[in-house]
Amino acid sequence: MKFLSQLIDIIYPPRCHICNRFLSNDERDPSSFHLCSGCLDSLTPISHPMCTICGLPFPTSTGPDHLCENCLRKRPWYDFLRSPYLYSGPLIECIQRFKYNMETHLISSLGHLLSSFAKECMPNLKDFVIIPVPLHRRRLKERGFNQSLLLARVLSSDLGNQLDYLSLIRNRYTQAQTGLKKKERRKNVKDAFSIIKPDAIKEKKILLIDDVFTTGYTLNECARTLKKSGATTVICLTMARTLVNEG
336 MKFLSQLIDI
346 IYPPRCHICN
356 RFLSNDERDP
366 SSFHLCSGCL
376 DSLTPISHPM
386 CTICGLPFPT
396 STGPDHLCEN
406 CLRKRPWYDF
416 LRSPYLYSGP
426 LIECIQRFKY
436 NMETHLISSL
446 GHLLSSFAKE
456 CMPNLKDFVI
466 IPVPLHRRRL
476 KERGFNQSLL
486 LARVLSSDLG
496 NQLDYLSLIR
506 NRYTQAQTGL
516 KKKERRKNVK
526 DAFSIIKPDA
536 IKEKKILLID
546 DVFTTGYTLN
556 ECARTLKKSG
566 ATTVICLTMA
576 RTLVNEG
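Residue numbers (this note's numbering): 336 to 582.
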């Protein structure tokens, strides 16, 4: 198998999933996540101090983690949220290509980066059920796949956690959140989700997966639906997040 792998690399040299540059021998190590050193270094990790609930990083580089203004004013339904990277630089293009251009091969980079972060920074996930943010069946037909489900599959495989993509559904077709104002975003996803398998949620701890955290309304509404159906804990994990938290 090692010889076959080496032969394939000679015929089809591996390329960086972001910039498409040929990977050097050192960059072909699994820890490179199919990314060249330049693109890997261009990712902006989210660092402390940050909000202990929503994970919003604070401008200062010193001091303890604490609640942000929005979470102090109105606590989200989820228990806490974390993301490994800021939604900036080449990661924006990578996620958009994955999401809108059907470049699903990028899941081997994005998914394993996310599971690596979860193993390092969220170690107590043994009993959590992984649930992706669902798409409405109409949106699923338009796009052809659910990017959150693909991420969740990699996490389930890497972490060994149960994957449940059937219990939480999006029961109403919603307008894309992009371009909507704050009140419109909240209204857009209000009551858009429901549980069709309550017994699978009751008394369970849930790891809710999405690709990007922007305003948080979608994740918060999913968490509300899960908590109302008896979930004891809901924590959220996204590949990236913006610096905006509108509460």
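Beta carbons: idealized from backbone N, C-alpha and C, even for Gly. These numbers were taken from a predicted model, which means no experiment stands behind them.
Start-to-end residues for the alpha helix (DSSP H) that takes in Pro467: Where Pro467 is concerned, there is no enclosing alpha helix (DSSP H), although the beta strand (DSSP E) it sits in stretches over Phe463 to Pro467.
Which residues in the same chain have their Cβ closer than 7 Å to the Cβ of Glu362, if we skip the five residues on either side of it in sequence? Hits under 7 Å: Cys371 and Ser372.
Kindly indicate which three-state DSSP category Gly565 falls into: helix, strand or coil? Looking at Gly565 - three-state DSSP - the assignment turns out to be coil, as it is neither helix nor strand.
Since Leu561 and Val569 are thought to touch, with beta carbons under 8 Å apart, how far apart are those beta carbons, to the nearest angstrom? Correct: roughly 5 Å between the Cβ atoms.
Measuring alpha carbon to alpha carbon, tell me which of Leu375, Ser396 and Leu378 ends up nearest Pro384. Nearest option by C-alpha distance: Ser396.
Helix, strand or coil: how does DSSP classify Val547 here? Residue state, collapsed to three classes: strand.
Beta-carbon spacing of Pro419, Phe452 below 7 Å: The Cβ-Cβ distance between Pro419 and Phe452 falls below 7 Å.
How is Ser396 classed by DSSP in three states: helix, strand or coil? Ser396: coil per DSSP, three-state reduction.
Please report how far the alpha carbon of Phe393 lies from the alpha carbon of Arg410, in whole angstroms. Each residue's Cα considered, the two are about 18 Å apart.
Looking at the unbroken beta strand (DSSP E) that takes in Ile441, where does it start and where does it end? Checking the displayed sequence, the identity of residue 441 turns out to be Leu instead of Ile. Taken as a continuous stretch (DSSP letters only), Leu441 belongs to no beta strand (DSSP E), as it is neither H nor E.
Quick one: residues in its chain with C-beta nearer than 7 Å to the C-beta of Arg450, no 5 flanking neighbours on either side, listed in chain order? Reading the sequence as shown, one finds Ser at residue 450 and not Arg. Correct list, in chain order: Val489, Leu490, Asp493 and Leu494.
Excluding the 5 residues flanking Gly565 on each side, which residues of the same chain have their C-beta closer than 8 Å to its C-beta? Cβ neighbours of Gly565 beyond the five flanking positions: Pro533, Ile536, Lys537, Glu538 and Lys539.
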